[in-house]
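Participant: Here it is, the structure in full.
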Amino acid sequence: MLLSPEGASRSLAAVFTPIKSRGLVDEVCGRIEQAVETGLLTSGQRLPNETELAAALGVSAVTAREALSQLRASGIIRTARGRSGGSFIADDVLPSRERALAQLHELSRLQIRDLALHYQAIAAACAGVAARRSDAADVATLRSFIPAADDDPPSWRLALSEFLLEVAAIARSARLARELIRLQADLGTFTLLPCADSGYRARTRVILEDVAAAIECHRPGAAETEVKALISATTDWLLAEQAKRYWPDDFDPPH
Amino acid sequence: MSEATSAAGPSAASAEPAPVATAAEQAAVELDATIAGIEQRLAAWAAETGAALAAMSGKVTGTAVDKLIRPVVEELVQLPGGYAAGAGFIANAGLLGPERSYIAWWQGPDLEPVDALANFSPNSISRYVKAEWFRIPVETGRAHVTGPYVDFLCTDEYVLTFTHPVFARPDGPVAGIVGVDVTVQRLERWAMPALRRVGPRAVLANADGRAVVSAASDIDAGDLAAPDEPCRHYPVGRTFTVWSDAVAR
């Protein structure tokens with residue numbers, strides 16, 4: 249229950265392309281990227297060899313080898329030769345601001361808006377049911393995901409996605425939960441960007457408290473409204489940031 | 290089976306006028322037998338696993354744990370008409386290494402390994418210590434049922450997870466847990482006919498009063514429910530109850 253989205257992917261290449269099942273190789277890569285993002289595997293750590301990896305994930309050795317080579321190409325792992333050789337998690341592997349910005353700038357305003365609408369629809373459905381079904385233990389768990397104002401941006405990003413997953417867990421709908429996990433994977437790393445802004449963090453903390461309170465007091469309408477506001481806070485920030493790429497070079501932005 | 294007049298087992302032969310089990314009582318006994326059956330199988334597995342771990346000479350390895358656990362999981366998940374969607378063992382810190390856990394868990398008829406990547410992490414225990422299905426049997430030394438809940442770690446389904454602590458020595462620390470995942474969907478299929486015989490508003494509820502399977506159309510699995518007095522209460526397994534008449538909370 250406390251885990252982050254399965255298959256969370258850094259790649260935005262697949263967003264808004266027709267849905268096809270990801271190949272096994274992509275699936276293996278996704279698992280490893282997710283393990284890195286959630287801190288299960290850390291920089292410098294040695295990865296199992298392809299035989300061990302294949303056995304652990306129940307895939308063929310060929311698939312494991314291809315996945316390792318794909319991870320190497322995308323800079324997630326590095327390979328050292330020789331006696332102390334093997335595959336290691338790369339040093340600069342955690343989502344960086346530069347990479348997140350690059351991802352954001354690949355998207356149009358329309359894509360961000362549409363993704364947000366879908367995310368709001370699913371999250372609000374979860375919140376409404378969660379407000380009907382919550383008990384005291386659920387609400388205590390939910391509140392444990394509200395991050396402290398001074399937590400670092402990667403922790404904030406993870407906490408926000410886990411908070412929403414917990415709302416889905418309280419709703420007790422496997423379908424909605426799976427849809428939410430898929431949407432979070434589609435969102436990619438650019439949700440890291442607003443988490444570096446203390447104003448955004450302060451606004452978001454208030455909304456998170458309001459969501460938890462509405463779910464605690466069994467107010468489905470309020471829970472839906474607050475969850476939508478939570479996603480709008482992120483979207484509005486991202487749209488404002490994304491709009492900057494259209495500013496002329498000599499433009500002095502209003503403050 | 291559903292004859293209302295059927296006698297209640299051996300006591301029917303005694304001198305006292307035998308209490309006649311109603312169809313509802315008999316249905317509740319059937320439900321209890323199935324859930325208690327899962328719990329007893331798990332307790333026996335925990336005892337076997339503890340004895341086998343105690344008998345391992347030298348350091349316990351992941352390979353040895355896999356070899357010990359996998360045949361039982363295979364038997365459980367491949368049982369025709371069986372209840373297990375997945376099953377396995379998770380080591381407590383200390384068995385294989387100080388901060389290390391070890392997960393030997395498989396799901397589905399093809400025995401897909403679950404979360405096995407975590408076995409390569411030096412701090413893998415952090416992944417399980419907070420989870421109810423691990424924490425409670427380890428802390429209390431007693432069996433536990435978690436859920437129904439959406440299981441993000443394994444099945445992504447709405448499940449019950451039955452877990453039981455494993456002791457390698459009777460007075461020793463908890464070496465790990467064995468567990469079985471049972472999907473609510475599968476449970477509904479076999480529990481619903483019996484539940485309907487208990488009553489049109491009968492509900493199988495967990496210890497928190499949450500509906501697991503419900504005959505009443507306005508109460509769904511996952512909803513909080515309450516007995517609607519006068520209501521007959523039938524214990525089912527260690528922690529569940531069947532209410533003959535329930536209302537949504």
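As given, the protein sequences belong to chains U and F, one line each in that order. Going from the first sequence to this note's numbering is simple: count from 1 and add 248. Going from the second sequence to this note's numbering is simple: count from 1 and add 289. Positions of the beta carbon are idealized from the N, C-alpha and C atoms, including for glycine.
#1: Using a cut-off of 7 Å between C-beta atoms, extract the partners of F/R416 located in chain U.
#2: Please confirm whether F/G511 has its beta-carbon closer than 8 Å to some beta-carbon of chain U.
#3: Check whether the region 428–437 of chain F touches the region 405–419 of chain F, counting contact only when three or more Cβ pairs, one atom from each stretch, lie closer than 8 Å.
#4: By the three-class DSSP mapping on this structure, what secondary structure does U/E427 have?
#5: Could you check what DSSP says for F/F378 in three-state terms: helix, strand or coil?
#6: Between F/F409 and chain U, is any beta-carbon pair separated by less than 8 Å?
#7: Using the C-alpha atoms, what's the distance from F/P462 back to U/R449?
#8: So what does DSSP say about U/D362, is it helix, strand or coil?
#9: Please confirm if the region 309–317 of chain F is in contact with the region 513–529 of chain F, defined as three or more CB-CB distances below 8 Å between the two stretches.
#10: Between which two residues does the alpha helix (DSSP H) holding F/Q315 run?
#11: Give the secondary structure of U/S308 by DSSP, where H, G and I count as helix, E and B as strand, and everything else as coil.
#12: What separation, rounded to the nearest whole angstrom, lies between the Cα atoms of U/Q282 and F/A376?
#13: For F/R538 and U/A471, what's the separation of their Cα atoms in angstroms?
#14: List, in order along the chain, the chain U residues whose C-beta lies closer than 7 Å to that of F/P402?
#15: Can the beta-carbon of U/L440 be found closer than 8 Å to that of U/E489?
#16: By alpha-carbon positions, which one of F/V536, F/A505, F/V531 ends up nearest to F/A322?
#17: If we ignore side chains and look at the alpha-carbon of each, how far apart do U/L486 and U/Q359 end up?
#18: Using 10 angstroms around the beta-carbon of F/S346, count the other beta-carbons present and answer buried if the total reaches 16, otherwise exposed.
#19: When the Cα atoms are used, what is the spatial distance from F/S533 to F/Q474?
#20: I need the boundaries of the beta strand (DSSP E) containing U/R326, first residue and last residue.
#21: Would you mind listing the alpha helix (DSSP H) stretches within the region 414–452 of chain F that are 4+ residues and don't spill past its ends, in chain order?
#22: Where does U/S269 sit, in a helix, a strand or coil, going by DSSP?
#23: State the CB to CB distance for the pair F/L342 and F/A464, rounded to an integer number of angstroms; the pair is presumed to be in contact (CB under 8 Å).
#24: Could you give the residue range of the beta strand (DSSP E) that holds F/W394?
#25: Does the beta-carbon of U/G376 have 16 or more other beta-carbons within 10 angstroms, so that it is buried, or is it exposed?
#26: Examine chain F for any beta-carbon lying closer than 8 Å to the beta-carbon of U/L431, and answer yes or no.
Facilitator: A quick look at the data gives this:
#1: L288
#2: yes
#3: no
#4: helix
#5: strand
#6: yes
#7: 43 Å
#8: helix
#9: yes
#10: 312–344
#11: coil
#12: 23 Å
#13: 19 Å
#14: A304, L305, G306
#15: no
#16: F/V531
#17: 12 Å
#18: exposed
#19: 21 Å
#20: 325–328
#21: 421–429
#22: Residue placement at U/S269 is flagged as unreliable, the pLDDT there being 43, under the threshold of 50; the coordinate-derived value follows with that caveat. If DSSP states are grouped into helix, strand and coil, U/S269 belongs with coil.
#23: 6 Å
#24: 391–396
#25: buried
#26: no
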